[in-house]
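Undergrad:
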Amino acid sequence: MHALFLTFAMLASYTTLFDFTTDANMDSWAVVNDGVMGGLSKGKLEVTPEGHGKFTGTVSLENYGGFTSIRCAVADLAATPSGKIQLRIKGDGKAYQFRVKHKARDYQSYITTVSTTGEWETIEIPLNDLFPSWRGQKLDMPNFDHSSINEFTFLIANKRNETFELLIDKVVLLP
């Protein structure tokens with residue numbers, strides 16, 4: 017009985033950042049393409065009939081481009097540097113960056129690269145493994161060490177022309 021209580025308590029302590037199967041409110045999402053810098057990449061986000069987020073598009077290196085991303089704003093959520101992000105995703109075998117921000121106005125994001133296999137995967141990312149970056153450059157600052165998160169992003173920027181598809185089931189913050 018004690019183990020059952022611990023399991024339930026552990027499950028109850030996570031925070032869902034976004035779950036496409038239960039949250040149809042797409043107002044908190046934005047697509048950011050490299051057009052902000054003159055590039056020609058195009059990404060889009062839609063919800064599939066199965067209830068998954070579907071991030072698709074084309075990355076183009078023309079005009080100094082090379083990325084597209086989807087960004088989700090969330091209310092300031094309590095986080096600890098020892099916490100984890102859990103992703104339930106199905107990629108296309110390509111690498112994607114996962115990013116968080118402590119404050120949306122900060123110039124730096126805290127990032128990691130996630131390789132996908134073409135199958136549904138549950139991936140856990142320790143927050144303190146996320147390193148600070150700005151415009152593709154690693155910054156000389158500590159890894160994520162903040163008490164909150166208010167934005168997360170999926171970005172593709174593999175330095176080649178390519179099409180892509182990433183299915184997202186949910187994004188969870190674990191203590």
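Counting in the numbering used here, the sequence shown runs from 17 upward without gaps. Quick reminder that beta carbons are idealized off the backbone N, C-alpha and C, glycines included.
1. Which residue marks the beginning of the beta strand (DSSP E) containing T169, and which one marks its end?
2. Are the region 31-38 and the region 66-76 touching by the rule of at least three beta carbon pairs closer than 8 Å?
3. Within its chain, find whatever has a CB closer than 8 Å to the CB of S57; leave out the 5 residues flanking it on each side and keep chain order.
4. Should the region 101-112 be regarded as contacting the region 177-189, the criterion being three or more beta carbon pairs within less than 8 Å?
5. Indicate the three-state DSSP secondary structure (helix, strand or coil) for S44 in the structure shown.
6. Which same chain residues, not among the five before or five after I165, have their C-beta less than 6 Å away from its C-beta?
7. According to DSSP, is E78 helix, strand or coil?
TA: The relevant details are as follows:
1. As a first step, residue 169 must be located in the sequence shown, where it is residue number 153. T169 -> beta strand (DSSP E) spans S164 to I172.
2. At 8 Å Cβ cutoff, the stretches touch.
3. Working through the sequence shown from its first residue, we reach residue 57 at position 41. Result list for S57: N49, D50, G51, G73, T74, V75, S76, G81, G82, F83 and T84, in chain order.
4. Cβ pair count under 8 Å is three or more, so yes.
5. Sequence index remark: in the sequence shown, residue 44 carries index 28 (1-based). Three-state result, S44: helix.
6. Translated into positions along the sequence shown, residue 165 becomes position 149. Closer than 6 Å at Cβ, skipping near neighbours: L93, A95 and V116.
7. Counting from one through the sequence shown, the residue named residue 78 turns up at place 62. Three-state DSSP puts E78 in a helix.
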